Amino acid sequence: MSAPAFPLPRTAVLAASVAALLLVPVPAAADPAATAGDPESPSADSLAASVTSIDPDAAVTGIDPAGSVEELEQEEITGSSTTVTISADVLFAFDEAELTDAAQSTVAELAGRLEGVSGTVQVVGHSDGIGEESYNQDLSERRAEAVKEAIEEELGSGAPEIEAEGRGSDEPIAEETDSEGADIPSARAQNRRVEITFEGG
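With mature numbering (1 follows the signal peptide of the UniProt record, and there is no 0) applied, the sequence shown corresponds to residues -30 to -1, 1 to 171, in that order.
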C-alpha cells in the first residue's frame, strides 16, 4: 500500500524554481573589442570622420557673362566714318557664301542706315585661318559680294556706291591659338566677319 501524496510546502516549490533558473545558461556579454571593426556598428569617431564639410562660397565658380558671350555685331565710329562689324556666323552657314534667311533682317536694318550716305560704302570680308590661304581669300570675297548685293537689292535705286573686297585671313583681330598651340574656337569665330564702312549715317 503506497503512502498518500501530500502537496509540497510553498517554500519548497519556490526553492525548486530558483534552482531551475540557476541551471539555465546565460549568454556571454558581447566583447566590445570584437565589435569594434563591425561595419554595421560604426563608432562615433568613424561617423565624424566620414562627414565632409562643404564651403558653398568655395564650391561655386563665378561666371562672367560678358566674358563668355561673343559679340555678334559691333560698331566703331572714327571721326565721320562708321564701321559696322557683323559676325560671319550670323550671316552665313558654315563654309558658305550665301546669306541665310535669318541674315536678311540684319542686312535690311543695315541698309536703312546706308540710304543717302555720302561717299562709297566699303564691304570687306574676312575669314579665319583654317584651310588654304587661297580658299579663304575666295570665300571672303564671295561673302563680301553677297552682302553688297543684298544691300543693293534692299535699297534699289537709292543704294549708294558700294565696293566689295575680301582679305582672307590676313587681318585677324584675335589670336586663334594659345601659347601651347591649342586651337581657340571663340577667337576663330571673331575673325570670321564682314565689315561695312561708310561716311555719316
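Ideal Cβ placement from N, Cα and C applies to all residues, glycine included. What you are looking at is a predicted structure, and each value in this text was computed from that prediction instead of being measured.
message = Out of ARG137, ILE100, GLN92, which one is the CA nearest neighbour of ASP108?
response = The residue from ARG137, ILE100, GLN92 with its alpha-carbon nearest to that of ASP108 is ARG137.
task = Alpha carbon to alpha carbon, how far is GLY126 from SER139? Give it in angstroms, no decimals.
result = Computed Cα separation, rounded: 32 Å.
inquiry  = Which residue marks the beginning of the alpha helix (DSSP H) containing ALA159, and which one marks its end?
reply    = According to the DSSP assignment, ALA159 belongs to the alpha helix (DSSP H) that extends over 155 to 161.
query = Do you know whose CA, among ALA114, GLY99, GLN74, ILE166, lies nearest ASP153's CA?
reply = Nearest option by C-alpha distance: GLY99.
query = Where does SER139 fall in DSSP's three states?
reply = DSSP, reduced to helix, strand and coil, places SER139 outside both helices and strands of the structure shown, so it counts as coil.
inquiry  = Please identify the residue among LEU61, ASP59, SER88, GLU66 whose C-alpha is closest to the C-alpha of THR52.
reply    = Comparing Cα-Cα distances from THR52 to each of LEU61, ASP59, SER88, GLU66, the minimum goes to SER88.
message = Out of ARG158, ARG83, LYS118, which one is the CA nearest neighbour of LEU135?
response = Per the sequence shown, the amino acid found at residue 135 is Glu instead of Leu. The shortest C-alpha to C-alpha distance from GLU135 to any of ARG158, ARG83, LYS118 is the one to LYS118.
request  = Have a look at SER156 and VAL77 and give me their C-alpha separation to the nearest angstrom.
outcome  = Answer to the nearest angstrom: the Cα atoms are 23 Å apart.
task = Quick one: grab the DSSP three-state call for ILE121.
result = DSSP, reduced to helix, strand and coil, places ILE121 within a helical segment of the structure shown.
request  = Tell me where the alpha helix (DSSP H) around THR76 begins and ends.
outcome  = 73 to 84 is the extent of the alpha helix (DSSP H) around THR76.
request  = Can you say whether ASP104 is buried or exposed, counting buried as having 16 or more other CB atoms within 10 angstroms of its CB?
outcome  = According to the sequence shown, residue 104 is Ser rather than Asp. By the neighbour-count rule (16 or more Cβ atoms within 10 Å), SER104 is not buried but exposed.
GLU131 versus VAL54, SER75, THR167, ALA73, residue with shortest Cα-Cα distance = The alpha carbon of GLU131 has as its nearest neighbour, out of VAL54, SER75, THR167, ALA73, the alpha carbon of THR167.
Where GLU165 falls, given that 16 or more other Cβ within 10 Å makes a residue buried = GLU165 should be labelled buried.
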